[in-house]
Structures are given as C-alpha cells and as structure tokens.
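Chemist: So for the sequence shown, our numbering puts the first residue at 1; every next one is plus one. Backbone N, C-alpha and C fix where the C-beta goes; we use that ideal spot for every residue, glycine too. From a predicted model like this one, the values you see are computed outputs, not experimental measurements. Quick one: this structure, given as structure tokens, is what I'll be asking you about.
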Amino acid sequence: MPVPLGRYHFTNEIPKDVREFNKVVDPTVLEPGDLILVCHLKPPWISRKIQSYQQELYDWDHARWHHAVVSGGDVEICEATRWGVEAREYWRYMTGHYDLRVRRIATADAAARAKVAYYAATMARTPYGFLNVLGILVGMARGNLRGRLPIRSSGVICSQLYFEACMRIGVLLSNNVRPESVTPSHLSASGQMIDVPLQWKTVR
C-alpha cells in the first residue's frame with residue numbers, strides 16, 4: 001500500500017493529473033544512472049510498431065517496453081523524445097497510463113552509474129534520431145533485424161541514449177547490436193542489469 005510523500009520537496013508543482021492519480025514511484029528508490037522502461041497502456045501507432053519489431057527479437061516480457069528513460073536520481077530524468085534529448089521531472093509517467101520497470105547496472109558501482117546520468121545529460125538538445133527509427137522499421141520489413149541500418153541519423157533514440165552513456169563508462173549492455181539499432185527490449189533483456197523493485201507513495 002503506498003504511503004504519503006510527506007515532506008519531500010519538488011522543484012516544480014506536481015501536475016494535476018498526477019495529483020488526481022495520487023500515486024508516484026518513491027523518488028528515493030531511483031538512483032542516478034538507473035534505467036526506466038516505459039509501456040503505455042494504450043500505446044500509439046509508432047509504439048505498437050516498435051513492440052511488433054521487438055517481438056521478432058524477444059518475448060513479450062521484453063518486447064512490450066517501447067521507451068527508455070535515464071534516471072538522474074529522485075524525480076529527475078533525461079530522455080530522447082521527438083523534440084530531442086530533454087532533462088525534466090518524471091511526472092509524465094506518474095498518471096496511471098503507463099507500466100514501468102526500473103533496472104540498474106549490476107556491474108558498476110554507484111559512482112560509475114552516476115556518470116551514466118551525467119553523460120546522458122550532456123546530450124541535452126541533441127536532435128531525435130528519426131532516421132534511426134525509420135531505419136529499424138525498414139530493416140524489419142527486409143528481415144534484417146541485426147545488421148547495419150540502411151539509413152542512420154546523427155540524432156539519438158531513447159534506448160541509444162542510455163546504451164551509449166553506458167558505453168562511456170565501459171559497460172556494453174548487449175554484444176550483438178549497434179548503438180543506433182538498440183531498442184528498449186535489448187535493455188530489458190540485458191544480463192548486466194538487475195531489476196529494482198518499485199515502491200510507491202501517495203501524493204496526498
């Protein structure tokens with residue numbers, strides 16, 4: 001049963017839809033460099049296409065995750081969205097419309113994991129890798145699920161942001177995929193990560 005947030009202070013006002021849902025992931029559970037995998041309960045078309053592609057690689061437990069978010073610790077996150085890489089707070093995912101899974105690199109200490117969050121944050125304002133997504137979908141249509149993308153972007157996609165930040169601390173989360181082709185399912189299936197049990201708190 002969720003317990004109240006109590007005296008926890010936030011930089012910004014808690015959005016109305018979060019207050020109405022009245023339940024958030026306990027900010028103290030999230031550490032810098034953690035991975036937050038996201039599945040919308042009613043995913044839009046592009047998210048369903050990502051899930052379909054991922055089911056060619058993994059079972060549904062891994063394939064269902066269509067977005068990857070880098071935790072900066074507490075409520076802070078960094079993510080690659082269609083507007084580019086942005087740093088923000090996690091409220092968007094605390095509305096009851098998403099399933100979440102938190103993973104942590106088992107092969108790195110807290111200081112190294114914090115660098116993952118730092119390296120991701122240094123990518124702020126980097127454009128989104130639309131061509132990478134398109135290349136993945138084209139590769140899927142051609143039956144080429146693991147090779148070089150037919151088209152690539154200088155921007156980044158969500159899972160690539162986390163994967164490349166991990167590479168910068170010497171951690172390769174998957175051996176059989178190029179950074180621009182990494183999907184959330186690769187991160188979900190990585191044997192170098194462990195799951196962090198979710199704990200919830202009520203807003204009021």
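(1) Below 8 Å on the Cβ atoms is my guess for residue 90 versus residue 77; work out the distance and round it to an integer in Å.
(2) Which whole-angstrom value describes the C-beta separation of residue 172 and residue 97, a residue pair presumed to lie in contact below a C-beta threshold of 8 Å?
(3) Can you give me the C-alpha to C-alpha distance between residue 61 and residue 13, rounded to a whole angstrom?
(4) Please name the residue, chosen from 95, 80 and 53, that lies closest to residue 25 on a Cα-to-Cα basis.
(5) Roughly how many angstroms lie between the CA atoms of residue 73 and residue 65, to the nearest whole one?
(6) Cβ of residue 85 within 9 Å of Cβ of residue 117?
(7) With 16 as the cutoff for other CB atoms within 10 Å, does residue 185 come out buried or exposed?
(8) Could you tell me which residues DSSP puts in a beta bridge with residue 32?
(9) In its own chain, which residues sit with a C-beta less than 7 Å from the C-beta of residue 18, not counting the 5 before and 5 after it?
(10) Closest to residue 54 by C-alpha separation, out of 188, 162, 192 and 109, would be which residue?
(11) Look up residue 41 in the DSSP assignment and say whether it is helix, strand or coil.
(12) Alpha carbon to alpha carbon, what distance is there between residue 166 and residue 103?
(13) Exposed or buried, residue 198, counting other C-beta atoms within 10 Å across all chains shown (16 or more means buried)?
(14) Give the range of the alpha helix (DSSP H) segment to which residue 167 is assigned.
(15) Using only the alpha-carbon positions, how far apart do residue 182 and residue 161 sit?
(16) Report the residue from 114, 5, 192 and 121 whose alpha carbon sits nearest the alpha carbon of residue 105.
(17) Would residue 163 be called buried (16 or more neighbouring beta carbons within 10 Å of its own) or exposed?
(18) Out of curiosity, what's the CA-to-CA distance linking residue 107 and residue 159?
(19) Give the single residue among 21, 130 and 36 whose Cα lies nearest to the Cα of residue 46.
(20) So for residue 98, helix, strand or coil by DSSP?
(21) Compare the C-alpha of residue 100 against each of 135, 120, 69 and 115 and name the closest.
Modeler: If we stick to the structure as given:
(1) 5 Å
(2) Going by Cβ atoms, the distance from residue 172 to residue 97 rounds to 33 Å, so no, they are not a contact pair.
(3) 34 Å
(4) 95
(5) 21 Å
(6) no
(7) buried
(8) 72
(9) 24, 91, 94, 95 and 203
(10) 188
(11) coil
(12) 13 Å
(13) Exposed.
(14) Run containing residue 167: 158-167, per the alpha helix (DSSP H) assignment.
(15) 9 Å
(16) 192
(17) buried
(18) Take the alpha-carbon of residue 107 and the one of residue 159: they are about 19 Å apart.
(19) 130
(20) In the displayed model, residue 98 falls within a strand according to three-state DSSP.
(21) 69
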